[in-house]
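When you line the sequence shown up against our numbering, it's residues 825 to 989, in that order.
Just so it is clear, CB atoms sit at the ideal spot from N, CA and C, and this is done for glycine as well.
A quick note: this is a predicted structure, and the numbers were derived from the prediction, not measured.
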Amino acid sequence: MNFKGNLIATGNTANLYLWNNKIVKVFKENLPPTESLYEAKKQEFAYSCGLNVPKVLEVRKINGIQAIIMEYINGETLGHRLLKNQNEAEQYINVLVNIQKRIHEVKVESEEIERMDIKVSRKIESAPSLNQRQKKALFSRLNSLKYEPRLMSLLIFKKEYMKSR
């Protein structure tokens, strides 16, 4: 594949490119070889639940590196809108809260979607730079965490933001 996309975002696990009116997510080379398939499966699940995420078009290797090709949804992010129009922050925060509510309403019955605590445990266990003492401390910390829905965090953020205005 002759790939010459325009870099539009960089993240911890991948870079996003705009290419032929599509988004190409090119993963970092140090990730497990199944990362793109796993992520594409999660995104397809979200899409099938009616969540507003880009449709996955293809999972493939580009120049030997795993990638996901997905539809491009034109528009500005809510983050950019918020930064440009801070006087409308309450409106944008309400939109974000409603999106989070929709996400948390989705019930996952599938064994294919890994729970976050299991994923983090697996990553700790396989981290080559951690010794056993460090891993034990991280497992202890992970097991002590209480589940706090993200929705609650957003509501607290909104309340604190509105108090500071």
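DSSP three-state call for residue i: helix, strand or coil?
i	result
LEU969	coil
ASN918	helix
LYS931	coil
ARG905	helix
LEU979	In this prediction, LEU979 has a pLDDT of 49, which is less than 50 and means its spatial position is unreliable; nothing more can be read from the coordinates.
ARG989	In this predicted model, ARG989 has a pLDDT of only 46, less than 50, meaning its place in the structure is not dependable; the value taken from the coordinates is given anyway. Of the three classes helix, strand and coil, the one that applies to ARG989 here is coil, per DSSP.
GLU853	coil
SER953	coil
ILE923	helix
LEU875	coil
ASN836	coil
ARG939	coil
GLU900	coil
Is residue i buried or exposed, if buried means 16 or more other CB atoms sit within 10 Å of its CB?
i	result
ASN836	exposed
LYS885	exposed
GLN890	buried
ALA951	exposed
LYS849	buried
VAL930	exposed
GLU912	exposed
VAL880	buried
ALA833	exposed
LYS828	exposed
Have a look at the DSSP bridge pairing and note the partners of residue i.
i	result
VAL880	MET894
TYR841	LEU831, VAL848
LYS885	GLN890
Pull up the CB-CB distance for residue i and residue j, whole angstroms please, since I reckon it's below 8 Å.
i	j	result
LEU875	ILE927	6 Å
ILE892	SER872	Incorrect: roughly 16 Å between the Cβ atoms, too far for contact.
TYR841	LEU831	6 Å
VAL883	ALA870	Not confirmed; about 15 Å, so no contact.
Hey, is residue i's beta-carbon within less than 7 Å of any beta-carbon in chain D?
i	result
ILE847	As a matter of chain content, chain D is missing from the structure shown, which is built from one protein chain.
Practice task
Report yes or no: do the stretch 939-946 and the stretch 958-966 share at least 3 C-beta pairs separated by less than 8 Å?
Solution key: yes
Exercise for the section: Would you be able to state if there are at least three C-beta pairs under 8 Å between the stretch 891-910 and the stretch 844-859? Expected result: yes
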